[in-house]
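Residue numbers (the UniProt record's numbering): 1 to 180.
First comes the structure, then the notes that go with it.
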Amino acid sequence: MNLKDVSESCEFSATCTSTKQKPAEKPNMSKISDANKAAITSLKRQLDNSEAEHNTMTLVEKAKDQARRCTNCHETGNKADGNKNNQPCAKLPCMSISSCCQVDKHPEYTIEKRRKQREVGQLKQKMKKMTEVQKMLETYTLTRKNDFISNMKERLRATNPRKYIDSSILMRDLFALNVF
Numbered sequence: 001m002n003l004k005d006v007s008e009s010c011e012f013s014a015t016c017t018s019t020k021q022k023p024a025e026k027p028n029m030s031k032i033s034d035a036n037k038a039a040i041t042s043l044k045r046q047l048d049n050s051e052a053e054h055n056t057m058t059l060v061e062k063a064k065d066q067a068r069r070c071t072n073c074h075e076t077g078n079k080a081d082g083n084k085n086n087q088p089c090a091k092l093p094c095m096s097i098s099s100c101c102q103v104d105k106h107p108e109y110t111i112e113k114r115r116k117q118r119e120v121g122q123l124k125q126k127m128k129k130m131t132e133v134q135k136m137l138e139t140y141t142l143t144r145k146n147d148f149i150s151n152m153k154e155r156l157r158a159t160n161p162r163k164y165i166d167s168s169i170l171m172r173d174l175f176a177l178n179v180f
């Protein structure tokens with residue numbers, strides 16, 4: 001009795017702490033394809049969300065006008081009228097681009113916009129790669145279904161398991177069958 005037999009016959013108890021594990025399943029092409037399709041739909045959802053966020057960011061922007069703007073509240077005319085003699089602006093400072101719509105006054109907005117553009121581009125590249133992989137998987141499964149050797153290998157092995165333990169004998173017989 002070898003160590004493998006002992007570990008398999010051993011039940012979980014105080015003297016034996018190992019548990020019998022199930023053998024890992026072989027990945028099936030349909031499972032891989034389904035997982036890839038799920039990943040593609042998830043990526044598509046992320047891409048749609050990122051594009052929507054990027055589009056809403058660009059809707060807030062206004063074209064840069066020629067009027068002088070206050071550096072504090074970002075309002076036009078304030079620089080000339082209420083901000084004379086180097087007195088500080090009495091109004092509340094502009095907190096976000098949604099209040100003044102001036103991109104050049106909010107560098108954090110341009111940084112965020114560039115980050116979103118990069119994210120959208122990366123998601124598009126990922127999406128393109130995933131769809132290419134999916135197409136390759138589909139073409140592979142179509143050719144695999146029509147492949148004589150792959151279809152007959154398991155059937156021939158099931159007819160005589162003792163004889164076909166050695167894979168070289170199995171392949172020899174498969175090639176002999178394939179000729180006919």
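A virtual CB, placed ideally from N, CA and C, is assigned to each residue, including glycine.
Three-state secondary structure (DSSP) of residue i
i	result
T159	helix
R68	coil
H54	helix
N49	helix
L59	helix
K91	coil
D166	coil
C10	Residue placement at C10 cannot be trusted, given a pLDDT of 42 that sits under 50; what the coordinates show is reported in the next sentence. C10 falls in the coil class under three-state DSSP.
N178	helix
D104	helix
N36	helix
N28	coil
T131	helix
D173	helix
Bridge partners - residue i, DSSP secondary structure assignment
i	result
T76	R69
Span of the alpha helix (DSSP H), counted from its first residue to its last, around residue i
i	result
I97	97-100
Close-in-space but distant-in-sequence residues of the same chain around residue i (CB under 6 Å, 5 per side omitted)
i	result
I40	M130
C89	C70, N72, C73, N83
Sequence-distant residues of the same chain with beta carbon closer than 8 Å to residue i, five excluded per side
i	result
L43	L123, K126, M127, M130
M57	Y109, E112, K113, K116
T141	M29, S30, S33
Interface flag, residue i vs chain D, CB-CB below 8 Å
i	result
N49	The question asks about chain D, but that chain is absent: this structure has only one protein chain.
Own chain, CB closer than 7 Å to residue i, minus 5 neighbours either side, in chain order
i	result
L92	C73
S9	In this prediction, S9 scores a pLDDT of 42, lower than 50, which makes its location untrustworthy; no coordinate-derived value is stated.
I149	L174, N178
Supposed close pair residue i, residue j - CB separation, criterion 8 Å
i	j	result
M152	L174	6 Å
L156	Y164	6 Å
V103	H54	Incorrect: roughly 14 Å between the Cβ atoms, too far for contact.
E61	C101	6 Å
N49	V133	Not a contact, Cβ separation roughly 22 Å.
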